Amino acid sequence: MAHPKRKTSKARRDKRRSHLKLADVTLTECPNCSSIHQRHRACGYCGYYRGREVVKAASEA
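Residue numbers (this note's numbering): 1302 to 1362.
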């Protein structure tokens, strides 16, 4: 098995890893209560998703 002859520099290593970052979370406005929530998830404030209530709202409990 081959072994490296020289130490890989930090700059070269980090250039190789530059695309391994986390993607930004896409946020959208809830059409029911106008609060900001993550896409394709139920709203944490009102509990609505795609026009219907799917979970009990945290403020009611």
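Note that the Cβ used here is the ideal one computed from N, Cα and C, for glycine as well.
Note that the coordinates shown come from a computational prediction; the quantities given were computed from them, not determined experimentally.
Around residue 1333, the same chain offers 1344, 1347, 1349 and 1352 as residues with beta carbons nearer than 8 Å, after the five sequence neighbours per side are excluded.
If you ignore the 5 residues before and after residue 1320, its C-beta comes within less than 6 Å of no other C-beta in its own chain. The Cβ-Cβ distance between residue 1328 and residue 1337 falls below 8 Å. Beta-carbon to beta-carbon, residue 1339 and residue 1326 are separated by about 6 Å, close enough to satisfy the 8 Å threshold.
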